[in-house]
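To start, the structure under review is shown below, and the notes come after it.
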């Protein structure tokens, strides 16, 4: 290659890259936002997130008022079937084909952990509402993601702490055998031992298990005072139902549903679920704003269900994302958007006021709820009463304990 | 209590019994499949969906008509069987003489449609169905607490399985049925209405699936996907037992429940795969299955 052609090539390269910058700027000038809801549409968590999450996202888009200001916001949703590989492929496809700048819901920790990595690589945004593993703001934290609604630490710290302090000082876990279940068991174990309790053992069950009698029998013969259910969705409902059948509570053992959603209470029915304590970051019947949000939501879903905390979190996180993008102006620089989101306080109809920490943890109050007796329930979906409101600073893992490399200590 | 490989005999007995309970469901479902395959040569992939329909039928009866568990045990299988017979008359009968794969595809498609419809309407978490009052509570057996309802499922499904076996293998009706499968033309010559017999047999197999669904309703959540989760295992049971073998499917159903129960004690991680490992091993040694008549 001669010197001249080399110089020519260099010039050409410079021009080309300058061109792409202009092209990028031109694209970015277009006031367009692509929203992707990636969730379990048909599996055991379908009611926790699923189609309801897409409805919640649509509501956030409408409520943001940005459509009237000339923004074009597209919403796409898909079923990741709770499989990390399916979720990853969808995420790559959406990013590569320009179908999504921001990923919402991301139920199932194994999927969220996988998509988190891709989103970081491609500098997009992940607003995780459905997944629970506290690793998402721990060692797997990312400058491109925010863990919005709840995590295994806050669940453990609320339900686990309350039950241990009330005298439930020996625990046996029935654990979902994947990232989420293990994280929930680990975080609850920490809380239990910190509060003077001990963990006797555990029995693993695969995700989407129908029969829990084997695990429950082991829990029963362990003689632990508390049987901690480190599972979720239909698995939780089935294990609670079968625990009653095998007489666990009659034998003096207490059930701790470490992650239970309002849809699970609905599925179980109050006679089977009454008295259970559970933890939520959102309960539809908290105040006028949540009621209004929930009623608007109910009218748009097929079975008239009230939103779960995951669906409320999808709404809340998208509202805040849209605010940040409006402030920044048209951009697809994910890290910049997340950084702006962290700098702004959050406030919306569903989850109220809050803020986002350095490690990507969204902070808001968490509610310890108790399932009502059938006689106490006055209207449809009147399922729980608030036992305690735990301030966000207390509920979530302190920054000082975080393994997240983003945290400057 | 004598510990064995770190497991007490108490725990072992308990797990074996639980395995037997699961085995009862496997047996009942695989029996229906075996009847349908043995008599009609149809690989009925809609079996799981029909099992789910049985459970939902019972749920409907309870929640809309306030008809309880006991009548449902009869009405739900009957209702679903009628649905099954309509399917047989309108669709499956057209596939007669074609390759197995057509029946498989049709029933698989049907299963997806039925499950999709239910899921669209009911969501995925399902509906509660209470244990009937008569069978509430349980008995302490010393090594475990056995809920009365579970004891009932074992006894009842065992009885149904044996009755079915008896009816097909030992009675005149069964003989006619088997003759109709072996040589429809000749059986027809004897004045037997073979198509009607086949429709009724399909209805019976479907009814068995629905019956298992009603039995399962008080134990599991009544969910649209309850059958989809189970059907793969049940097919493995049928393959191990030998496609179409009635006794094979009953014995294998219970035996695999036991093996699964044991695996849950000694190596829980493998509990979900052990059935398929057994299937692979059996197919290597006896390609026609344990009780299969011809290779």
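Protein chains in written order, with my numbering: chain A, 85 to 493; chain B, 20 to 314. Where a beta carbon is used, it is the ideal one built from N, C-alpha and C, also for glycine. The structure displayed is predicted, hence computed values, not measured ones.
Secondary structure at residue 70 of chain B, three-state DSSP: helix, strand or coil? On the second chain, position 51 is the one that residue 70 of chain B refers to. Note: residue 70 of chain B maps to helix in three-state DSSP.
Per-residue burial, residue 242 of chain B [other beta carbons within 10 Å of its own, 16 or more giving buried]: For the purposes of this step, residue 242 of chain B is taken as residue 223 along the second chain, with counting starting at 1. Classification for residue 242 of chain B: buried.
What residue range does the beta strand (DSSP E) around residue 454 of chain A cover? One-based indexing of the first chain puts residue 454 of chain A at position 370. Residues 450-455.
Let me confirm a value: residue 346 of chain A is counted as buried when at least 16 other C-beta atoms fall within 10 Å, else exposed. Which label applies? In the first chain, counting from the first residue as 1, residue 346 of chain A sits at position 262. The residue is buried, with at least 16 neighbouring Cβ atoms inside 10 Å.
What residue range is occupied by the uninterrupted alpha helix (DSSP H) comprising residue 248 of chain B? For the purposes of this step, residue 248 of chain B is taken as the residue at position 229 of the second chain. Membership of residue 248 of chain B in the alpha helix (DSSP H) is indicated by the continuous run 245-260.
Can you tell me whether residue 390 of chain A is buried or exposed, with buried defined as 16 or more other CB within 10 angstroms of its CB? Translated into positions along the first chain, residue 390 of chain A becomes position 306. Per the 10 Å Cβ criterion, buried.
For chain A, check one thing: does any of its Cβ atoms lie closer than 8 Å to the Cβ of residue 37 of chain B? Within the second chain, numbered from 1, the residue matching residue 37 of chain B stands at position 18. Any Cβ of chain A closer than 8 Å to the Cβ of residue 37 of chain B would place that residue at the interface, and such an atom is present.
contact_flag[the segment 482-491 of chain A, the segment 132-142 of chain B] where n(CB pairs < 8 Å) is 3 or more: Counting Cβ pairs under 8 Å, fewer than three are found: no touch.
The beta strand (DSSP E) spanning residue 227 of chain B covers which residue range? Residue numbering aside, residue 227 of chain B sits at position 208 when the second chain is read from its first letter. For residue 227 of chain B, no beta strand (DSSP E) encloses it; the enclosing alpha helix (DSSP H) starts and ends at 213-235.
Please check if any C-beta of chain B sits within less than 8 Å of the C-beta of residue 112 of chain A. Residue numbering aside, residue 112 of chain A sits at position 28 when the first chain is read from its first letter. The predicted position of residue 112 of chain A is uncertain, since its pLDDT is 47 and thus under 50; a value taken from the coordinates is nonetheless stated next. It does not: the Cβ of residue 112 of chain A has no partner Cβ on chain B nearer than 8 Å.
Do residue 121 of chain A and residue 148 of chain A come within 8 Å of each other at the CB atom, strictly closer than that value? Your numbering for residue 148 of chain A matches position 64 in the first chain. Your numbering for residue 121 of chain A matches position 37 in the first chain. No, they are not a contact pair.
At the 8 Å Cβ level, is residue 229 of chain B part of the contact set with chain A, yes or no? Reading the second chain from its first residue, position 210 is the one you call residue 229 of chain B. So, not an interface residue.
Measuring only between beta-carbons, confirm whether residue 359 of chain A sits less than 8 Å from chain B. Here the question's residue 359 of chain A lines up with position 275 in the first chain. Judged by the 8 Å Cβ criterion, residue 359 of chain A is not in contact with chain B.
Going by DSSP, what residue range makes up the beta strand (DSSP E) through residue 148 of chain A? Your numbering for residue 148 of chain A matches position 64 in the first chain. DSSP places residue 148 of chain A outside any beta strand (DSSP E), giving it a letter other than H or E.
What residues from chain B crowd round residue 325 of chain A, counting only those whose CB sits closer than 9 Å? As a working note, residue 325 of chain A is residue 241 in the first chain. Annotation: Cβ neighbours of residue 325 of chain A in chain B (cutoff 9 Å, chain order): 147, 237, 238, 239, 240.
Please tell me whether residue 61 of chain B and residue 112 of chain B are closer than 8 Å, where the distance is taken between their beta carbons. As a working mapping, residue 61 of chain B is identified with position 42 in the second chain. As a working mapping, residue 112 of chain B is identified with position 93 in the second chain. No, the Cβ-Cβ distance between residue 61 of chain B and residue 112 of chain B is not below 8 Å.
Please name the residues in the segment 268-286 of chain B whose beta-carbon is closer than 9 Å to at least one beta-carbon of chain A, in chain order. When C-beta distances to chain A are compared with 9 Å, the residues of the segment 268-286 of chain B below that value are 279, 280, 283, 284, in chain order.
Spatial neighbours of residue 198 of chain B in its chain, beta-carbon cut-off 6 Å, leaving aside the 5 residues before and after: Walking along the second chain from the start, residue 198 of chain B turns up at place 179. 206.
Should residue 326 of chain A and residue 296 of chain A be called a contact, given that it needs their Cβ atoms to be closer than 8 Å? Position 242 of the first chain, counted from the start, is the residue given in the question as residue 326 of chain A. Position 212 of the first chain, counted from the start, is the residue given in the question as residue 296 of chain A. Cβ distance < 8 Å, so residue 326 of chain A and residue 296 of chain A count as in contact.
Reduced DSSP category for residue 157 of chain B - H, G, I as helix; E, B as strand; rest coil: Locating residue 157 of chain B in the second chain gives position 138, where the first residue counts as 1. The answer is strand: DSSP assigns residue 157 of chain B an E or B state.
Should residue 164 of chain B be flagged as near chain A, meaning a C-beta pair shorter than 8 Å? Here the question's residue 164 of chain B lines up with position 145 in the second chain. At a cut-off of 8 Å, the C-beta of residue 164 of chain B has a neighbouring C-beta in chain A.
Which residues in chain B sit within 8 Å of residue 130 of chain A, going by Cβ to Cβ distance? Walking along the first chain from the start, residue 130 of chain A turns up at place 46. Per Cβ cutoff of 8 Å: 138, 142, 143, 144.
Own chain residues within Cβ distance below 6 Å of residue 236 of chain B, not counting five before or after: One-based indexing of the second chain puts residue 236 of chain B at position 217. Here the set comprises 74, 77, 148.
Residues sharing a beta bridge with residue 120 of chain A, DSSP: Counting from one through the first chain, the residue named residue 120 of chain A turns up at place 36. DSSP output for residue 120 of chain A lists A/160, A/187 as bridge partner(s).
Where does residue 492 of chain A land, buried or exposed, given buried means 16+ other C-beta within 10 angstroms? Within the first chain, residue 492 of chain A is the residue found at index 408, counting from 1. In summary, residue 492 of chain A is exposed, with fewer than 16 beta-carbon neighbours lying within 10 Å of its beta-carbon over all protein chains present.
Of all the residues that make up the segment 166-199 of chain B, which are near chain A by a beta-carbon distance shorter than 9 Å? Residues passing the 9 Å Cβ filter: 166, 168, 169.
C-alpha gap between residue 118 of chain B and residue 51 of chain B, whole angstroms: Counting from one through the second chain, the residue named residue 118 of chain B turns up at place 99. Counting from one through the second chain, the residue named residue 51 of chain B turns up at place 32. Distance between the alpha carbons of residue 118 of chain B and residue 51 of chain B: 21 Å.
Quick check: the segment 136-155 of chain A against the segment 368-388 of chain A, are at least 3 beta-carbon pairs closer than 8 Å? Yes, the segment 368-388 of chain A touches the segment 136-155 of chain A.
Report yes if the C-beta of residue 298 of chain B is less than 7 Å from at least one heavy atom of the ligand FAD; otherwise report no. No copy of the ligand FAD appears in this structure; indeed no ligand is present at all.
Starting from the beta carbon of residue 219 of chain A, find every residue of chain B whose beta carbon is closer than 8 Å, and list them in chain order. Counted from its first residue, the first chain places residue 219 of chain A at position 135. For residue 219 of chain A, there are no neighbours in chain B by C-beta distance under 8 Å, as the nearest C-beta there is about 21 Å away.
8 Å Cβ cutoff, residue 85 of chain A in contact with chain B: Start at 1 with the first residue of the first chain, and residue 85 of chain A comes out as number 1. Any answer about residue 85 of chain A is weak, because its pLDDT of 43 lies below 50 and its placement is not dependable; what the coordinates show is given next. For residue 85 of chain A, the answer is no, since every Cβ of chain B falls outside 8 Å of its Cβ.
Using 8 Å as the threshold, is the C-beta distance between residue 311 of chain B and residue 264 of chain B below it? Stepping through the second chain from its first residue, residue 311 of chain B is reached at position 292. Stepping through the second chain from its first residue, residue 264 of chain B is reached at position 245. Yes, the pair counts as a contact, with Cβ atoms nearer than the cut-off.
Where residue 245 of chain B meets chain A, residues with beta-carbon distance less than 8 Å: For this step, residue 245 of chain B is matched to residue 226 along the second chain. Among the residues of chain A, those whose CB is under 8 Å from the CB of residue 245 of chain B are 294, following chain order.
Looking at the C-beta of residue 82 of chain B, does it have a partner C-beta in chain A at a distance below 8 Å? Stepping through the second chain from its first residue, residue 82 of chain B is reached at position 63. Taking CB atoms only, residue 82 of chain B has no neighbour in chain A less than 8 Å away.
Length of the line joining the Cα atoms of residue 468 of chain A and residue 450 of chain A: Counting from 1 along the first chain, the entry for residue 468 of chain A is found at position 384. Counting from 1 along the first chain, the entry for residue 450 of chain A is found at position 366. If you take the alpha carbons of residue 468 of chain A and residue 450 of chain A, they lie about 14 Å apart.
Would DSSP call residue 38 of chain B helix, strand or coil? Position 19 of the second chain holds residue 38 of chain B. DSSP places residue 38 of chain B in the helix class (H, G or I) of the three-state scheme.
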